Every structure is written in C-alpha cells, then in structure tokens.
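Novice:
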Amino acid sequence: MRRLTLLLSLCAVSAIIFNDENNYRKYSSFSSSSEERIYNDDNHERPQGRWCMKAFYGNMFQPEAEAKCNAVGARLSGLQNANERMTISYVLRGLIYQHGGGRYTAWLGGKRRARCPTGTSCARLDSIEWTDGHTTGTAGFSTGPRELDGYYLPQYGGVQQCLHMIVTPYSNTELGFADFVHESVDDEFCQATWVKAYVCGKLPS
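Numbering-wise, the sequence shown is residues -15 to -1, 1 to 190 according to mature numbering (1 follows the signal peptide of the UniProt record, and there is no 0).
(1) Provide the residue span of the alpha helix (DSSP H) that contains residue 75, from first to last.
(2) Taking 8 Å as the threshold (C-beta atoms), are residue 93 and residue 184 in contact?
(3) Could you say if the stretch 55 to 72 and the stretch 106 to 126 meet the contact criterion of at least three C-beta pairs nearer than 8 Å?
(4) So what does DSSP say about residue 109, is it helix, strand or coil?
(5) Spell out a yes or no on whether the stretch 52 to 60 and the stretch 96 to 114 are touching, meaning 3 or more CB-CB pairs, one atom from each, closer than 8 Å.
(6) Three-state secondary structure (DSSP) at residue 175?
(7) Residue 152 and residue 59 - do their beta-carbons sit closer together than 8 Å?
(8) Using only the alpha-carbon positions, how far apart do residue 118 and residue 155 sit?
(9) If we count the other Cβ atoms within 10 Å of its Cβ and call it buried at 16 or more, is residue 120 buried or exposed?
(10) By alpha-carbon positions, which one of 186, 44, 78 ends up nearest to residue 167?
(11) Can you tell me where the beta strand (DSSP E) with residue 182 in it begins and where it stops?
(12) So, with DSSP's three-state summary, where would you put residue 37?
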C-alpha cells in the first residue's frame, strides 16, 4: 500500500478521503477542522466513483452509530477492498491513542442478509451485505477462520446481525478478541455495548 500522507495532525476525530490531495477541498463532503486527522491515498478511488470516509470515537449501539452518520448526511460505511480496510484500520488505531489505548472495535455499514438468518444458512462471505448504497463485493472482508458465524445469544436479541472491525493498539498480528487480528471484520450483535467507534461514509460534494 502506498504511504499515507498526514495532512493535519491534531486528531480527536479522524478522517480519510479517497482522492488526490489537491482535490481534497473540492471533493470532501465532511467538514474540516483543526481536530481532524486527514489521510490521503489515491489508490483507494473506487471503480464506482469517489467515496469519503470518516472515523469517529463513541461507545454506542449500532443503530445509534447509524443515526450519528445520518445526521451528517452519511451512512455507516462498508469497505470496498483490502486497501480501504487497511487504511481505515490505521485511522481507527490512531483514535486509540486519543482515548486511553487498548483494544476495541468499530461499527461498519454491513448487515446480515434476510435470507441468511443463521451462520450456516449461506456461504460465509455471502451472509453479510453492505448497507451504505455504494460499497460492492466481498474484497473488503478479512475474517477469522470460523466467521461470519451468526452466533446466537438471546440476551442480545438473537443472531449477530451487524458488522464491526477489530482494532488493536500496537501490532497487526496481536490478537484483539478471540482469534481476530487487527483489521479483521466480524459479525456482531447490533446491541453490543463494547463497540467504541464507527466509520461513516458518503459521496463527495
């Protein structure tokens, strides 16, 4: 992956924009402030067009995270390919150092397909669909060897229906949760209380 270019360094909130540096102001549809960390890597322009993403810190259920994205005209974002997944995972890692460190996970824009109500109903990578209206395919997935398993717990509303990314603070090979390494994508209970960040995405304007 090409080197990430750091444009602004103060980072209570982090952002990533998939277009060239000179066009950042033209195409970014998220507001810019001195509290943002902006990254640029033009390898990430999608076949279907440019897509803006921004990572936020906040401990909340998945529906709350979706509502936060909607409030700025965005959706919880999917991941188009491995480069996007890797890049946004480093943006999320940067948030760790602003909020006490440790391991955590971040909500993404994916849901279990209605025709795949359990972990064995469909092929693993076919069981989740992107919900942002822009992301396509399965190249953005990197999962544990038994995932996406649709684990069932009645106290969390049944089967894991939502999608999150595992983020570790130091190493790409250290285990975050169970057998997940940094940037792994996994299904999760939408009412999980331990997810501490979320990634919004929207078309540039």
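Glycine included, C-beta positions come from ideal geometry on N, C-alpha and C. No experiment lies behind these values; they were computed from the predicted model shown.
Specialist: This is what the structure holds:
(1) 67 to 81
(2) yes
(3) yes
(4) helix
(5) no
(6) coil
(7) no
(8) 33 Å
(9) buried
(10) 78
(11) 180 to 187
(12) strand
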